[in-house]
Amino acid sequence: MTAPTRSPYQGLQRKLVLAFDIGTTYSGISFSILDPGIVPEITPVTRFPAQEYVSGTSKIPTLVYYDRTGKVRAVGAEAMREGIYEVAEEEKWVKAEWFKLHLRSKVGAGRGVTSEIPPLPLNKTVNEVFADFLRYLLECASAYIQSTNANGADLWASVENQIDFVLSHPNGWEGAQQSEMRTAAVMAGLIPDNPAGHARLTFVTEGEASLHFSIQNGLPSGAMKNGDGVVIVDAGGGTIDISAYSKTMGAGKDTFEEIAAPQCHFHGSVFVSIHARLYLEQYLARSKFIDDLEHIVRQFDKTTKLRFMDSTEMQYVQFGSARDNDQQYNIRFGQLKLQGADVAAFFEPSIECITKAVLSMAQKKSSHKPICHVVLVGGFSENDWLFEKVHSALTPAGLNILRPGRHVNKSVTDGAISYYLDHFVSTRVSKFTYGEFIYILFDPTLDDHQIRENNVVTLPSGEKRVRDSFDVILPKNTQVSEVTEFRRARFCEAESREDFKSLSVSVWCYRGTILEPKWADVDTKNYAEFCKFEFDASDLPLQLRTGPGGGRNYYRVDYESVLLFGLTELKAFIAWKENGIEKRSVAKIFYHAEITNE
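Each residue of the sequence shown is one higher than the one before, starting from 1 at the first, in full-length UniProt numbering.
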């Protein structure tokens with residue numbers, strides 16, 4: 001398969017683009033230096049502090065050690081160097097790991113995993129830890145670029161204040177998580193906290209980044225030439241992100257459309273370790289080696305988990321010396337012996353998750369086009385046991401299963417840069433039903449209006465309206481173009497001009513099974529406020545009107561709410577007409593706070 005060609009950079013000035021992928025267990029950086037008239041290339045950072053002598057390493061552990069005062073003491077590979085555990089224990093350092101999962105949504109796939117996530121260090125918020133790690137990644141990128149380019153110091157000085165950043169995140173994250181990541185980026189000093197700074201930060205889902213990587217590094221030829229549907233499975237440390245795309249037919253630039261609602265599942269590789277820990281905690285409960293549980297699990301992660309290939313063979317975890325023996329618990333010469341079937345069971349929830357999710361996505365009712373191919377990327381997909389079991393489960397369904405041959409563990413960062421440069425996806429699919437709660441005209445002849453008579457309000461104009469009617473703006477599983485505007489006519493009435501200085505609109509999402517949700521009091525638990533956007537209404541033309549029967553004067557303003565759902569980040573505007581010409585005001589978007597520091 002031939003990858004699409006990239007056009008020369010059309011800008012007038014040199015620019016640097018940095019992509020940071022903060023994974024649950026490992027993180028990476030890729031970048032592109034954009035020079036006018038030159039075709040941009042994507043370059044991964046392959047050398048980090050404490051890994052200088054490891055050739056070609058494109059990932060570092062997502063770890064931060066803090067001392068008792070809250071100061072950062074070791075990050076990334078530095079936090080894994082020899083002897084660090086002893087130093088940390090002696091000086092009572094606190095380790096922050098898997099902290100990315102504290103940003104997850106507390107609804108849907110994010111519900112119910114709290115007890116399995118290590119707590120944040122005392123007096124540290126998830127934003128603060130995120131910011132410390134982003135700051136470190138920027139330092140690593142700066143050092144690498146300066147040391148690997150001619151006149152590197154001058155190059156960095158010429159771009160460091162105008163870097164564009166791309167941050168990737170799981171498919172299941174929405175505007176609330178993007179808002180928290182933006183806050184962390186500001187705290188880290190990546191961007192200033194103003195509109196120009198915010199414009200330098202772009203978000204992309206891990207699924208879409210993985211598609212861009214696969215297009216350049218091993219998307220099946222059928223998916224490129226025939227427009228076959230392809231599922232991208234990004235199996236990472238914390239989440240498994242599943243997305244489906246198809247190439248759109250037409251001349252010119254290659255473009256892809258999302259053909260099914262993306263999914264995000266908490267069954268990444270760390271959950272294999274969690275299942276191993278739970279098993280060993282029980283198995284070794286009466287053994288003298290129960291105090292070595294943390295070390296045994298770490299050794300399982302570094303060796304046994306990675307090379308596991310056969311559920312019929314005994315598996316070994318080397319954790320101690322030849323003097324460490326406990327035959328009752330299958331420990332001899334510092335090795336713990338495990339049944340292969342038990343180790344296979346640690347993987348089974350992740351394997352089952354992938355196979356079920358792909359098969360459900362491939363159903364006609366779930367996908368807008370037939371799906372023929374499945375591409376596995378991400379660090380967890382490098383595990384041969386996982387790949388073989390998924391391959392054998394999905395092949396009978398007529399699906400073509402493969403892994404790109406090149407460095408699938410850096411698929412997200414390279415793909416994030418490709419997203420910035422190439423932007424192959426122009427259509428996306430809505431994960432939920434989105435809408436607004438509005439006041440609709442009261443009709444006493446309708447049963448559902450009669451039973452809600454207590455919700456009827458009378459406006460200054462005398463109109464009787466029923467509150468809490470759900471106006472669906474975008475139904476679930478709908479394909480949406482990036483340029484599609486969803487417009488709704490709205491109005492506001494009030495007796496005081498002061499009430500029109502600013503107005504707000506709340507957008508809600510419905511996550512339940514009702515095909516056409518209509519009322520807030522039906523299946524209430526599945527409605528959640530998605531965001532609120534506020535706008536300056538002072539420029540909107542006010543209409544002075546007289547109340548019914550010559551009553552009190554009141555004011556009315558008419559406008560349209562304009563939403564763009566087809567982008568990787570929601571955009572909102574307010575539109576109105578003046579002398580037949582449309583005017584617009586950009587809205588400020590505020591997301592419902594879901595973050596808790598557990």
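C-beta: ideal position from N, C-alpha, C; glycine also. As the structure is a prediction and not an experimental result, all values here were calculated from the model.
Residue 44 sits away from residue 218, with the two beta carbons spaced by 8 Å or more. Here residue 96 really is in contact with residue 121; their C-beta atoms are around 5 Å apart, less than 8 Å. Going by DSSP, residue 345 is part of the alpha helix (DSSP H) stretching over 340-361. Taking every protein chain shown into account, the CB of residue 198 has fewer than 16 other CB atoms within 10 angstroms, so this residue is exposed. For the pair residue 372 and residue 230, the Cα-to-Cα distance works out to about 6 Å. Residue 504 sits close to residue 532, with the two beta carbons spaced by under 8 Å. If you ignore the 5 residues before and after residue 511, its C-beta comes within less than 6 Å of the C-beta of 432, 526, all in its own chain and listed in chain order.
Short of 7 Å from the beta carbon of residue 212, and not among the five residues preceding or following it, lie these beta carbons of its own chain, in chain order: 415, 418, 419, 422, 424. With 16 or more other Cβ atoms inside 10 Å of its own Cβ, residue 181 counts as buried. Rounded to the nearest angstrom, the Cβ distance from residue 35 to residue 14 is 5 Å, consistent with a contact under 8 Å. At a Cβ-Cβ threshold of 8 Å, residue 455 and residue 468 count as neighbours. Exposure of residue 309 is indicated by the presence of fewer than 16 other C-beta atoms within 10 angstroms of its C-beta. Taking the CA atoms as reference points, residue 361 sits about 49 Å from residue 153. Rounded to the nearest whole angstrom, the CA to CA distance from residue 258 to residue 364 is 14 Å. Annotated as proximal: residue 375 and residue 232, with beta-carbon spacing under 8 Å. Listed in chain order, the non-local C-beta contacts of residue 567 below 7 Å within the same chain comprise 482, local neighbours out to five positions each way being set aside. Annotation: residue 502 to residue 124 spans about 35 Å, alpha carbon to alpha carbon.
Going by C-alpha positions, residue 224 is about 15 Å away from residue 210. Here residue 370 is exposed, its C-beta having fewer than 16 other C-beta atoms within 10 Å.
For residue 305, the closest C-alpha among the options 277, 413, 494, 331 is that of 277.
In the three-state DSSP reduction, residue 537 falls in the coil class, being neither helix nor strand.
Bridge pairing for residue 471: 436 [DSSP]. Rounded to the nearest angstrom, the gap between the Cα atoms of residue 521 and residue 356 is 33 Å. Under DSSP, the beta-bridge partners assigned to residue 563 are 486, 572. Around the C-beta of residue 208, 16 or more other C-beta atoms lie within 10 Å, and the residue is accordingly described as buried. Remark: C-beta atoms of residue 516 and residue 587 do not approach each other more closely than 8 Å. In this chain, the alpha helix (DSSP H) harbouring residue 90 covers 84-90.
Within the stretch 291-333, the runs of beta strand (DSSP E) at least 3 residues long that lie entirely inside it are, in chain order, 315-318. When DSSP reads this structure, residue 202 sits in a beta bridge with 166. Around the Cβ of residue 12, a 10 Å sphere holds fewer than 16 other Cβ atoms; the residue is exposed. If you draw a straight line from the Cα of residue 311 to the Cα of residue 301, it is about 17 Å long. Under the three-state reduction of DSSP, residue 461 is assigned to coil, being neither helix nor strand. Counting only the Cα atoms, residue 478 lies some 5 Å from residue 429.
Bounds of the beta strand (DSSP E) holding residue 508 are 502-510. By the Cβ rule, the stretch 137-153 does not count as touching the stretch 373-393, because fewer than three pairs are nearer than 8 Å. Short of 7 Å from the beta carbon of residue 21, and not among the five residues preceding or following it, lie these beta carbons of its own chain, in chain order: 27, 28, 168, 412, 413, 416.
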